[in-house]
Structure formats: C-alpha cells, structure tokens
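Take a look at the structure set out below.
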Ligand code: PYC
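Numbering (my numbering), first residue to last: 31 to 363.
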C-alpha cells in the first residue's frame, strides 16, 4: 500500500478533540452519507485507525472527513471517524467541524451564519456566530431523538444491580441515573467509570438489541452516559459519556445531550423551548433546547438543538506509510 498524506486541522470542542481531514480523504460511493459510511467501513477503516489511534491519535481522538453534498440544496457531507468507529452522528464533532470549516475558509455558506450538513444519521442544520474571523459559538439542530427503553434491570461489577434507560440522540446511550447503587459520577475516578462502562455495555449488548426505526444501519448500544451532581448550580445536569474502549468525552457530548433531553422529555421533566444546560466531566457546557416535538416510527420524539464552542489549535499534515512504519495503521493497548 502506498504512502498516503492527510491534511488535517486539529481543534477541540469544549475540551474534546476534533481532527478535521480537509484533504486526502478517499472518494466514497453512495447516494448519501449513510451509504458512503458503509463504503468507508468496508474499504478504508485503516484511515480511521491510522488517524485516531496511537501513535498519531489517542484514546479520546475523534474527527471528521469532508465530502461534497449528495443533495445540491445542502452545503457539505460529514463522515465521522473516531477511536470507537464511524459514528452515525457526533455533536461535538459537528460543532468543531463547522468552526474549522468557517475559520479556515473550507466552505462558502450560501446563507451567512447557516450551514446544511449531511451526516450518516440525517440532515443537521448549523447556525454559527462570528466575532471577527473567529466562530464564537455553533448551535446544531440535531436529528430526531427519542427514549427507546426505560427501567432496564442490569448488573454492573462492584456496583451490583442497576436500572438504566436507553435513548437515541444520533447514537444509542444507556443512561445511568443516580440510584441506590450509583450515587453519582463525582464519587468515582474516570478510570473506574471506564472499566465499569466496558462491562455494562457488554452485558446490555448481549441482552438487548436497539435499531433505529428508519435506518437499520444505525444499531447497537454504543455509549454509556453516567450522570451526577452539577458543579455549576445553574446547570440542569452533568454527565460522563463513555465511548470506544477507553474514552470519556471531555465535552458534554452532543448526541448524549440529545439523548438525555429525549429521556427527560419522555419523562415529563423537560418541555419544548426549555433550556437544558449540560455539564461535562471537566465542567464544560452545552446549552440544549427542544426545537420541535415529533414522532419517529412508533416513538414520541424531539428535535433537539445544542449550542457549544470550539477552538482550532493546529495544522497537521499526517502521513500513513505502511511500508515505512509498522504502526502506520495505529495500535491499541
Ligand atoms: O458529541 O456526539 C458527541 C460525541 C459522541 C462521542 C463523543 N462525542
């Protein structure tokens, strides 16, 4: 395999990394980003592992590759790449990608301040605010989100019996609310939450199957969302989202925030128009809102929006050359 070079712009959204591949991504077949994602997974997953895993990436690494839109009414197609795989949707990744595209002139929006983004999970709309040449904040109107299952009884090592809800916000999340055997994320170190998350996810995956009502390629519980007491008394909720094998999201996680809003909405704790301030493990915040009440298949659903900020910090030309480097495609330990 020949050496391949990727022109990347590195950023972070509220603390979580976003590596945007602005040049060097492969041409993909498909009528939409969902089909292009399948093609990428079949033939090009080595690009994801090479750019996300050590030694070029790290446990939390996450990013995107940009494509021309399939529908000329839209501005751009986004493929999400991450240590965990190719997510159907990534909220912090979208906020970071929009910031990078605007600040580095990768895209000329037809309507200033607005972008229409094709993602594997569906159309996502973004509104951004500029201060000079800097993007101050981005609000994304995410895909339809819903509560898929409630009160699932399960077991977690050390903690014992737990009850979780499962909600979809672009990915499927098991949400662990504060309960008798779980007093809140603030009582534990991140490494402990990671070890439990792996076991809990495995058990839930063995016992339950979750499939998106309209797109069967979006399936399987992939993330665990631990909850806890907020640091900021004005915040609505706090989380620690586990993804991949070793990562806790440093941002409040866009799809996780959408899933939590869908859960609260279904349980009568959040109404359309209410502000939902979500705090991450490091205290960074997204501001969520229910934009629309809707349905998805047989489920009551919401269209959530999430606002956050990102900072661009590096231009990174990365080479993957398997003839020269035994770790060209990355490794995990
Ligand atoms: O922001 O949606 C998100 C996300 C998913 C995994 C990590 N971050």
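Here a beta-carbon is modelled for each residue, glycine too, at the ideal position from N, C-alpha and C.
Asked, Found
"Candidates 42, 43, 32 and 49, of which the one nearest residue 347 by Cα", "49"
"Proximity of residue 342 and residue 133 at Cβ, strictly below 8 Å", "yes"
"Length of the line joining the Cα atoms of residue 360 and residue 123", "21 Å"
"Exposure of residue 169, with buried meaning 16 or more beta-carbon neighbours within 10 Å", "buried"
"heavy atom of the ligand PYC below 7 Å from residue 271 C-beta", "yes"
"Contact the stretch 287-298 vs the stretch 195-205: 3+ CB pairs below 8 Å", "yes"
"Limits of the unbroken beta strand (DSSP E) element including residue 195", "190-198"
"Option in 325, 319, 108 and 269 with minimal Cα separation from residue 154", "108"
"Alpha-carbon to alpha-carbon, residue 257 and residue 275", "19 Å"
"Spatially closest choice to residue 137 from 242, 271 and 96, by CA coordinates", "96"
"Cα-Cα separation between residue 47 and residue 285, rounded to whole angstroms", "15 Å"
"Three-pair Cβ contact test at 8 Å for the stretch 217-224 versus the stretch 172-183", "no"
"Three-pair Cβ contact test at 8 Å for the stretch 309-316 versus the stretch 38-46", "yes"
"Residue nearest to residue 262 in terms of C-alpha spacing, selected from 217, 277, 310 and 294", "310"
"Closer than 7 Å: residue 349 CB and nearest the ligand PYC heavy atom", "no"
"Whether residue 39 touches residue 345 by CB criterion (8 Å)", "yes"
"Three or more C-beta pairs below 8 Å linking the stretch 70-83 and the stretch 204-217", "no"
"Nonlocal neighbours in the same chain, by C-beta distance under 8 Å from residue 243, ignoring five residues either side", "326, 327, 328 and 329"
"Best match in 51, 33 and 192 for proximity to residue 92 [C-alpha to C-alpha]", "51"
"Alpha-carbon spacing of residue 62 relative to residue 192, whole angstroms", "39 Å"
"For residue 306 and residue 266, believed in contact at Cβ under 8 Å, the rounded distance", "5 Å"
"As assigned by DSSP and simplified to three states, the class of residue 223", "helix"
"Closer than 7 Å: residue 117 CB and nearest the ligand PYC heavy atom", "yes"
"beta-carbon residue 88 near the ligand PYC non-hydrogen atom, thresh 7 Å", "no"
"Rounded straight-line distance, which links the Cα of residue 143 to that of residue 233", "44 Å"
"Residues bridged to residue 320 (per DSSP)", "334"
"Buried versus exposed call for residue 295 [16 or more other C-beta atoms within 10 Å across all chains shown]", "buried"
"Cβ-heavy atom distance, residue 242 to the ligand PYC, below 7 Å", "no"
"Limits of the alpha helix (DSSP H) - the one that residue 125 falls within", "121-133"
"Heavy atom of the ligand PYC within 7 Å of residue 186 beta-carbon", "no"
"Cβ neighbour criterion (16 or more within 10 Å) applied to residue 195", "buried"
"For residue 229, three-class secondary structure by DSSP", "helix"
"Three-state secondary structure (DSSP) of residue 93", "strand"
"CB contact flag (residue 339, residue 166, <8 Å)", "yes"
"Helix, strand or coil at residue 100 [DSSP, three-state]", "coil"
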